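> At position 123 of the sequence shown (counting the first as 1) the number is 835 in my numbering, and the numbers step up by one without a gap.
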Amino acid sequence: MQGRALARWGVVALGFVGVSVLSGTPVARAGESCPVSTPTPSFALRMAVDGLGDDIAVQSFEWGVSQRGAAAAGGGKPGRVDVQELNVTKHLDASSPALARHCAEGTRLPRVTLRACSDETCSQRYLEIQLEDVLVSGYRPGGTAEGEDCLPLEELSFQFAGIKLDYVEQKQQVALQRTGPKWEVLPALPDDGT
Numbered sequence: 713m714q715g716r717a718l719a720r721w722g723v724v725a726l727g728f729v730g731v732s733v734l735s736g737t738p739v740a741r742a743g744e745s746c747p748v749s750t751p752t753p754s755f756a757l758r759m760a761v762d763g764l765g766d767d768i769a770v771q772s773f774e775w776g777v778s779q780r781g782a783a784a785a786g787g788g789k790p791g792r793v794d795v796q797e798l799n800v801t802k803h804l805d806a807s808s809p810a811l812a813r814h815c816a817e818g819t820r821l822p823r824v825t826l827r828a829c830s831d832e833t834c835s836q837r838y839l840e841i842q843l844e845d846v847l848v849s850g851y852r853p854g855g856t857a858e859g860e861d862c863l864p865l866e867e868l869s870f871q872f873a874g875i876k877l878d879y880v881e882q883k884q885q886v887a888l889q890r891t892g893p894k895w896e897v898l899p900a901l902p903d904d905g906t
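1. Report the rounded CA-to-CA distance for VAL793 versus GLY818, giving the unit in angstroms.
2. Compare the beta carbon distance of GLY855 and SER807 with 7 Å and say whether it is the shorter of the two.
3. When DSSP builds the beta bridges, which residues end up paired with HIS814?
4. In the DSSP assignment, find the unbroken beta strand (DSSP E) run with LEU847 in it and report its ends.
5. Please report the straight-line C-alpha distance between VAL690 and ASP767, rounded to a whole angstrom.
6. Count the other C-beta atoms from every protein chain shown that fall within 10 angstroms of the C-beta of ARG758, then say buried if there are 16 or more, exposed otherwise.
7. Does ASP858 pass the burial test, meaning 16 or more other C-beta atoms within 10 Å, or should it be called exposed?
8. What is the DSSP secondary structure of PRO790, reduced to helix, strand or coil?
9. Would GLY874 and GLU840 be called neighbours here (beta carbons separated by less than 7 Å)?
10. Using the Cβ count rule (16 or more neighbours within 10 Å means buried), how would you classify ALA725?
11. Just reading off the beta strand (DSSP E) that ALA769 is part of, what are its end residues?
12. Which of the three DSSP states is assigned to SER830 in this structure?
13. Using a 10 Å radius around the Cβ and a threshold of 16 neighbouring Cβ atoms, would you call ARG837 buried or exposed?
14. Contact criterion: CB-CB distance below 7 Å. Does LYS876 meet it with respect to chain C?
Structure follows, in structure tokens:
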């Protein structure tokens with residue numbers, strides 16, 4: 713699924729989805745020792761990985777899909793879609809060794825779900841991205857003793873065979889309606905059309 717891929721889905725224009733937030737994780741400030749709490753974020757990100765945990769705190773994520781249209785007389789026609797990997801940044805935690813092992817061995821996970829919630833307890837979900845048949849394609853831990861984070865961060869990349877996107881409309885913290893497409897990511901076709 714590197715680079716180009718075809719997709720079959722029910723929504724034409726999805727665009728790029730990306731977000732970064734502060735976590736409620738303790739941080740160290742100059743002259744202080746850990747932990748000192750950061751401000752509570754306006755929303756929370758949580759990740760569930762089949763067999764590894766269903767409440768993994770996430771600091772940020774990035775994912776996208778883009779359409780390369782083909783120019784033609786009278787307007788553009790749909791071209792090939794580029795479906796990007798889902799990239800996640802999180803603190804080192806109990807799931808880290810298993811995620812690194814899945815990456816190193818190339819073993820697939822049945823499902824990975826990322827949720828954006830309106831509160832830290834994740835009782836009000838408004839965005840859910842569910843990946844199916846998932847490969848941990850990248851695992852990059854890192855950190856610095858001089859930074860503000862008490863724990864090292866790690867960046868994960870996920871390739872997937874299918875994705876489902878759900879948005880739950882909120883009105884005064886009450887979930888109203890769930891909408892969203894689901895599509896399969898198909899292997900890229902050769903450039904010569906064969």
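Built from N, CA and C at the ideal position, the CB exists for glycine as well. None of the values given here were measured: they were computed from a predicted structure.
Per the coordinate set shown:
1. Using only the alpha carbons, I get a separation of about 25 Å.
2. GLY855 is not a Cβ neighbour of SER807, given a cutoff of 7 Å.
3. Looking at the DSSP assignment, HIS814 forms no beta bridge with any residue, so it has no partner.
4. Element bounds for LEU847: 837-854.
5. Residue coverage of the chain in this structure runs from 713 to 906, which leaves residue 690 outside it and unanswerable.
6. ARG758 sits buried, since 16 or more C-beta atoms from the chains shown fall within 10 Å of its C-beta.
7. Note that residue 858 is Glu in the sequence shown here, rather than Asp. Answer is exposed; the Cβ neighbour count stays below 16.
8. PRO790 falls in the strand class under three-state DSSP.
9. No, these two residues do not count as a Cβ contact at 7 Å.
10. Below a pLDDT of 50, predicted positions are generally treated as unreliable, and ALA725, at 29, falls in that range; the measurement from the model is reported next regardless. Only exposed fits ALA725, as fewer than 16 other CB atoms lie within 10 angstroms of its CB.
11. Where ALA769 is concerned, the enclosing beta strand (DSSP E) stretches over 765-770.
12. Correct three-state label for SER830: coil.
13. That one is buried.
14. Absent from the structure is chain C; it holds one protein chain and no more.
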